[in-house]
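Chains as they are written, first to last, in our numbering: chain A, 128 to 540; chain B, 3 to 226.
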Amino acid sequence: MVDVITLVYLSLMFIALYMLAFFIILTFRNNKELMTYERPRKFYSVSVLIPAYNEQDSIKETIEHVANLDYPKNKLEIIVVNDGSKDKTREVVEKMIRSKKYFNLKIINKKNSGKADSLNQGVEMAKGELIAVVDSDSFPSPSSLYKLVGYFNNKEMGAVTSFVTVRNKNQNILTRLQSLEYMLIGWSRKLLDFINSVYVTNGPLSVYRKQFILNVGGFDKQSITEDIDITWNMLYHGYKTSMCLDARVSTITPYKFKPWFRQRMRWGAGGLQALQKYRKMFFKRGIFGYFVMPFVSLSILVSLVSFIFSMYLLLKAISAKTLSIGYSIALSSSIIHLQEINLSQPIMIFFLVILFICSTTYYHYVLQTARYEENLNLKRFLFLILYMLVYLALYPVVWFASIYKYVKGDFRW
Amino acid sequence: MVEKSKKWSRNKYIFIEALLVASVIFLTGIFLGSFYEKARVDSVREFYVDSETGLSDFELSSQIIYDFNLNCSFAIEKSIYFADQIYKESRQLEKYDSANKFTNDVISLHRRYDLLRTLLWKNMIQNKEKCSTSANTIVYLYDYIDTSLTTQSMQTSISNILLDVKGEYGEKVILIPIATDTNVEALSILREYYDLDKVPIVIVNEKYQFDNIEDLKNIRDYLI
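So this is what it looks like as structure tokens:
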């Protein structure tokens, strides 16, 4: 008879197989369009908002990257929103403005009130038809804005996001793992674009139609992940969202575990906030209610259940072995016998092997196609294994911490 | 760039397609796994048929030896041989036991083996009564189906120490592990007769009972 543990295991395996099949089919069906973008039929005026809080070290370079975008300068406005920085962010930006080297560069100095509020104030001041949001530690590639603006040829388009790469990738193993993660996130986000389901427009570089931002009530000041919230709000209002894999922006990622964990915890709690806020949309209103929300919820659920399941099995095995070792020591008998080593669980192993081989091969294909590194090599393969077995295993821990943060009502950054 | 509507129409069946692909792989996995498990059970079943025949042969041989007053040592030798054979098969079965079971085949097969082992024990008791022997019988009664983590660990340790003893003494020890919760009525009668109400328990030569794991340390002192 099939017991509960087996049923849980089989259910998880089925969901994992489904998701893998889903992304593989999407990839191969849309292979030719993955890297394409549309030329803008008109050059919209764009206001680039750079919200900044204590960013004296990176703000200058961010502004320089924005100023060097391949986009008509007379259509570009750069607004730095200084969110009450305590460092020299303000001085750095004002010095740049005084130098007159940077066309149409402005600054809003305000008391610290959070990123969403900074963006809203920036939107209020912006003259552009489109609003580009660039994090103050991110650096858009020259052609990125041009490639993103083309998506707004579609009158229903509300938000378009870019492909984020990690600038400090080679700093340490954590940043390398994040680089791999960003690559895979970007890829899957692009795939979701083919079913109109881009549900996050990232902070490093995303472009929004200003009128639509105003129509949905602006960025939510209560949300700790305003980028998730604004995207869901756009989808909720029936506006389109999209992603351009060829529009790249590099960003600086945390290189220490603690800030990394805090960042992920904030993302997680922000996701839960969004789920709570839009909960009434479950299985309503097209792809948003029927796919995006269930997909996000299921991803969280699978992550948590897998973790609990694995921990249960692991702790059970450890407890059994500890007790057994205790008895064996008391009896002065062998601690382990060969007969205890048993790998004959054919169904379980079949699914794990299939999943592992398929996902590793698929990820390899993704990295190769997205030109993550020049060549397929053993080092990259081993790194991928490390990512899959160690880095991804940390996700459920982050989710538990996020749930705790959310339940506690701790919505600080 | 492809228009959104075109993209959607090209991909709108993706949910069903992925479901079909996942279902095919999933069902293939279930099918292959069940097939493999069935093949393993079949191979054990073949062993079982051989063992069953062997036991009948053993019973008949013992009967002839006693009826015709033939050499007793032959009967004992035969028991040891048969016990070792059934012991090796039981090891194979134990290996399958620890795998996840999708059918009840392994459990029912286990029950049949328990029956066979009980029969062997009964025959050993009879043989020992009729013939003097230097072989030791170690019967190990344990829980198979409903076991707590503590019991499982204790049983693994007992099993390990008995394996050590078997390894050291070879043919001088007949090791008969029998599960008590597979409803073998004959075993219940034997347990009642020898007053064996605790599980797990180890019985040496039907005289010495070890229901405390600590005492098993000295089991070698009780062997002939």
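Note that beta-carbon positions come from the ideal geometry of N, C-alpha and C, so glycine has one too. If you're wondering where the values come from, they're calculated on a predicted model, not measured in any experiment.
Just so you know, the alpha carbons of K296/A and L494/A end up roughly 15 Å apart. With a beta-carbon spacing of about 5 Å, D116/B and I180/B fall inside the 8 Å limit used to define contacts.
Contact annotation: in the stretch 10–40 of chain B, residues whose CB is within less than 7 Å of a CB in chain A are W10, R12, N13, I16, E19, A20, L21, V23, A24, I27, F28, G31, I32, L34, G35, Y38, E39. For S455/A, the nearest CB of chain B lies under 7 Å from its own CB, placing it at the interface with that chain. For T120/B, no chain A residue has a C-beta closer than 8 Å to its own C-beta; the minimum C-beta separation is roughly 22 Å. Sequence-distant partners of K254/A (beyond 5 residues in either direction) whose C-beta falls short of 7 Å from its own C-beta, in its chain, are S172, S174, E204.
At least one C-beta of chain A is nearer than 7 Å to the C-beta of L151/B. Note: R375/A is bridge-paired with F290/A in the DSSP secondary-structure output. Identification of residues in the stretch 404–424 of chain A having a C-beta nearer than 7 Å to some C-beta of chain B yields an empty set. In the three-state reduction of the DSSP assignment, K367/A falls in the strand class, which pools E and B.
Assignment of E54/B by DSSP, reduced to helix, strand and coil, places it in the helix class. At least 7 Å separates the beta-carbon of T378/A from that of D354/A. Residue-level contact by beta carbon fails for S110/B and chain A, as no gap is shorter than 7 Å. The beta carbon of L516/A does not come within 7 Å of any beta carbon belonging to chain B, so the residue lies off that interface. Annotation: V293/A to E19/B spans about 34 Å, alpha carbon to alpha carbon. Inter-segment contact for the stretch 386–400 of chain A and the stretch 520–527 of chain A is present: three or more beta-carbon pairs are separated by less than 8 Å.
The Cβ of I215/B sits closer than 7 Å to at least one Cβ of chain A.
Setting aside the 5 residues that flank it on each side, F538/A is surrounded in the same chain by I351, each with a C-beta closer than 6 Å to its C-beta; the list follows chain order.
Neighbours of R156/A across chain B, judged by C-beta separation under 7 Å: R12, N13.
For D166/B, the enclosing alpha helix (DSSP H) has its first and last residue at 151–171. Taking 7 Å as the threshold, the shortest C-beta distance from A447/A to chain B falls below it. For G211/A, the secondary structure class from DSSP, reduced to helix, strand or coil, is coil. With the rule of 3 Cβ pairs closer than 8 Å, the stretch 170–190 of chain B does not count as touching the stretch 479–486 of chain A.
According to DSSP, E208/B shares a beta bridge with no other residue. Within the stretch 124–142 of chain B, no residue places its CB atom closer than 9 Å to a CB of chain A. Under a 10 Å Cβ-count criterion, R336/A is classified as buried, with 16 or more other Cβ atoms of the shown protein chains found around its own Cβ. Between G211/A and M438/A, the alpha-carbon positions lie close to 44 Å from each other. Counting other Cβ atoms within 10 Å of its Cβ, Y145/A reaches 16 or more and is therefore classed as buried.
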